[in-house]
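One gets this note's numbering by counting positions in the sequence shown from 1 and adding 157 to each.
Glycine included, each C-beta is placed from N, C-alpha and C at the ideal position.
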Amino acid sequence: MDCLDAGVARTAWPDCISADRRDGLRRYTRLEELRTRLLDQYELLPVEGRAAVRQAMDDQAALVELFAGNRVAHRLQDLPHDTRDPLKHFFEKAFEMLARLGIRDNNYKAFLALVEHRICGFCGCEYFSGASSKREPLDHYLAVSLYPFAGANARNLVPMGPKCNSSYKGGQDILRDDGGVRRLCFDPYAAAPVQVSLMASQLFAREDGLPLWQVDLVGDTARIETWDAVFDIKRRIAEDHLDSIYKNAIRVLGTFRHKQPQIFAGLDIAGAFRHLGDLSRAKGWSDRAFLETALYELLEVRSQAGNDEAIRIEAEFADARLAVS
Numbered sequence: 158m159d160c161l162d163a164g165v166a167r168t169a170w171p172d173c174i175s176a177d178r179r180d181g182l183r184r185y186t187r188l189e190e191l192r193t194r195l196l197d198q199y200e201l202l203p204v205e206g207r208a209a210v211r212q213a214m215d216d217q218a219a220l221v222e223l224f225a226g227n228r229v230a231h232r233l234q235d236l237p238h239d240t241r242d243p244l245k246h247f248f249e250k251a252f253e254m255l256a257r258l259g260i261r262d263n264n265y266k267a268f269l270a271l272v273e274h275r276i277c278g279f280c281g282c283e284y285f286s287g288a289s290s291k292r293e294p295l296d297h298y299l300a301v302s303l304y305p306f307a308g309a310n311a312r313n314l315v316p317m318g319p320k321c322n323s324s325y326k327g328g329q330d331i332l333r334d335d336g337g338v339r340r341l342c343f344d345p346y347a348a349a350p351v352q353v354s355l356m357a358s359q360l361f362a363r364e365d366g367l368p369l370w371q372v373d374l375v376g377d378t379a380r381i382e383t384w385d386a387v388f389d390i391k392r393r394i395a396e397d398h399l400d401s402i403y404k405n406a407i408r409v410l411g412t413f414r415h416k417q418p419q420i421f422a423g424l425d426i427a428g429a430f431r432h433l434g435d436l437s438r439a440k441g442w443s444d445r446a447f448l449e450t451a452l453y454e455l456l457e458v459r460s461q462a463g464n465d466e467a468i469r470i471e472a473e474f475a476d477a478r479l480a481v482s
């Protein structure tokens, strides 16, 4: 593009490739064909059309600024019509090349070597396979169909559980809502912590005696709204996980009181929940421990309220103790 804008002949293939990648890519003639098609269309654009393409390229390369909300985030649909398919096809092929060259596998292994818990960072619940197993998707955070210039950028490729990636994110626009309005989002490699709170839940409110869950996410409100809109986090936590965690909490307290009476002998019910919450907190992100912690915090507070709900909590968990005696 620089050559065309300067009015000189474009650099021939494979000399246009950086020296460190040239030998590995020169034989991929399909990539060469797609490059030629893209540059042919770019060459036909008027000055303002070329400027729009170059601006989108600059914006989509500046991922940190995009995630911070400091870039406009022009999409493929905002660019001159005849450049859209060539851009999309070229960068889809470039993304495919990352797998062929082993770059995506190497990046995934590097990620696994750095993290303590092999768990999807978008939901906190899906487990990742080990380095020798078939890897999880290392896929686009910003969809290549919308932001093609980020299509082969390693900073835009994130480890994500298959449910989060395929069932929820899909081709959604992370940077704009359904009405096309710009929104803030988390940087997947530099996100601030988010806390899960269950404090507004209603214990024993359902016909089966289980709680009516209300999941609140505490942190950067604007970015949390985007995260929840894309990944449906609050509903998934409430419907997919909390009932089983609650039932397990009853069993755990009963088992601990029976098997380790020396620990719980001097504790009231609130103290028991506090102790279990500390144990869950120490587990970090493993085995949905962050949800266990939020549940024990809720139970600790509610068990001290001195009302009918507190009495029922004591009875519910006392029954569990008797059941394992």
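{"Query": "Taking its Cβ as the centre, do 16 or more other Cβ atoms sit within 10 Å of N227, making it buried, or is it exposed?", "Result": "exposed"}
{"Query": "Could you pull out every unbroken alpha helix (DSSP H) segment of at least 4 residues lying fully inside the stretch 284-325, listed in chain order?", "Result": "none"}
{"Query": "Between Y298 and V315, is the Cβ-Cβ spacing less than 9 Å?", "Result": "yes"}
{"Query": "How would you call M317, buried or exposed, if buried means at least 16 neighbouring beta carbons within 10 angstroms?", "Result": "buried"}
{"Query": "Along the chain, where does the beta strand (DSSP E) that runs through D373 open and close?", "Result": "D373 to V375"}
{"Query": "Check whether the stretch 327-345 touches the stretch 376-385, taking contact to mean three or more Cβ pairs, one atom from each stretch, closer than 8 Å.", "Result": "yes"}
{"Query": "Between F306 and M214, is the Cβ-Cβ spacing less than 9 Å?", "Result": "yes"}
{"Query": "Considering only C-alpha positions, which residue in the set I174, V210, R445 and E449 is nearest to R431?", "Result": "E449"}
{"Query": "I need the straight-line Cα distance from D330 to D197, nearest angstrom please.", "Result": "28 Å"}
{"Query": "Going by C-alpha distance, which of S460, S302 and K250 is nearest A429?", "Result": "S460"}
{"Query": "Taking only the alpha-carbon atoms, compute the straight-line gap between M254 and D172 and give it to the nearest angstrom.", "Result": "18 Å"}
{"Query": "Buried or exposed for S358, going by 16 or more other Cβ atoms inside 10 Å?", "Result": "buried"}
{"Query": "Short of 8 Å in beta carbon distance, which residues of its chain neighbour R445, apart from the five on each side in sequence? Order them along the chain.", "Result": "G281, C282, H398 and I402"}
{"Query": "Identify which residue in L236, R232 and H231 has its Cα closest to the Cα of P203.", "Result": "L236"}
{"Query": "For the candidate residues R232, A251 and E189, whose alpha-carbon lies nearest to that of G337?", "Result": "R232"}
{"Query": "What did DSSP end up calling I276 once you bin it into helix, strand or coil?", "Result": "strand"}
{"Query": "Are at least three pairs of beta-carbons, each pair with one atom in the stretch 354-372 and one in the stretch 415-423, less than 8 Å apart?", "Result": "no"}
{"Query": "Below 9 Å between beta carbons: does that hold for G278 and A300?", "Result": "no"}
{"Query": "Three Cβ pairs or more, each shorter than 8 Å: is that satisfied between the stretch 289-297 and the stretch 236-245?", "Result": "no"}
{"Query": "Between L479 and G434, what straight-line distance do the alpha-carbon atoms span, to the nearest angstrom?", "Result": "Bear in mind that the predicted position of L479 carries a pLDDT of just 43, short of 50, making it unreliable; the figure below should be weighed with that in mind. Cα to Cα, L479 sits roughly 22 Å from G434."}
{"Query": "Does DSSP put L191 in a helix, a strand or coil?", "Result": "helix"}
{"Query": "Excluding the 5 residues preceding and the 5 following S482 in the sequence, name in chain order all residues of the same chain whose CB lies nearer than 6 Å to its CB.", "Result": "Here the model assigns S482 a pLDDT of 39, short of 50, so the residue's position is not dependable and the matter cannot be decided."}
{"Query": "For C160, does the count of other Cβ atoms within 10 angstroms reach 16, so buried, or fall short, so exposed?", "Result": "exposed"}
{"Query": "Find out if the Cβ-Cβ distance for the pair L303, Q234 is shorter than 9 Å.", "Result": "yes"}
{"Query": "In three-state DSSP terms, what is S401?", "Result": "helix"}
{"Query": "Tell me, to the nearest whole angstrom, how far the beta carbon of I470 is from that of L360; I am working on the premise that it is less than 8 Å.", "Result": "7 Å"}
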